[in-house]
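In the working numbering, the protein residues as written are 1413 to 1516.
Ideal placement from N, C-alpha and C gives every residue a C-beta, glycine not left out.
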């Protein structure tokens, strides 16, 4: 089993910050607020997060990626996990939450 991560798995290491997508929705429900603002940097280009998985997002946000491409990304991650058991560590739950918030 390889221990060297592939470039397509780099977003896994950044999964911890993806809860910013779900937390505002939870707060909206708790506080009975109807409007939530999500702010993103239009200048930030992150095509590498999907490109190394074989998916060309063409400038789309994660929530705009087609179901077919999301399935490709998840399949890519599953294949990588099966060939590199080093990914199975204490950060697994955080990683799964980040993938869920980003792609599902």
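Query raised in the report: Among residues of its own chain, excluding the 5 on either side of residue 1485, which ones have a beta-carbon nearer than 7 Å to its beta-carbon?
Result: Residue numbering aside, residue 1485 sits at position 73 when the chain shown is read from its first letter. Here the set comprises 1462, 1465, 1467, 1515.
Query raised in the report: How about residue 1434 and residue 1492: are their beta carbons less than 9 Å apart?
Result: In the chain shown, residue 1434 corresponds to position 22, counting from 1. In the chain shown, residue 1492 corresponds to position 80, counting from 1. Contact: no.
Requested in this report: Determine the closest residue to residue 1415 out of 1494, 1442, 1507, 1444, with distance taken between C-alpha atoms.
Outcome: On the chain shown, residue 1415 is found 3 positions in, with the first residue counted as 1. Ranking 1494, 1442, 1507, 1444 by Cα distance to residue 1415 puts 1494 first.
Query raised in the report: residue 1431 to residue 1510, Cα distance in whole Å?
Result: What you label residue 1431 is simply residue 19 of the chain shown in a count that begins at 1. What you label residue 1510 is simply residue 98 of the chain shown in a count that begins at 1. Straight-line Cα distance between these residues: approximately 6 Å.
Requested in this report: Identify which residue in 1499, 1455, 1438, 1454 has its Cα closest to the Cα of residue 1447.
Outcome: Here residue 1447 corresponds to residue number 35 of the chain shown, with the count starting at 1. Comparing Cα positions, the closest option is 1438.
Requested in this report: Assuming residue 1512 and residue 1420 form a contact by the criterion Cβ under 8 Å, report the distance between their Cβ atoms to the nearest whole angstrom.
Outcome: Against the chain shown, residue 1512 aligns to sequence position 100. Against the chain shown, residue 1420 aligns to sequence position 8. Their Cβ separation, rounded to whole angstroms, is 18 Å, which puts residue 1512 and residue 1420 out of contact at 8 Å.
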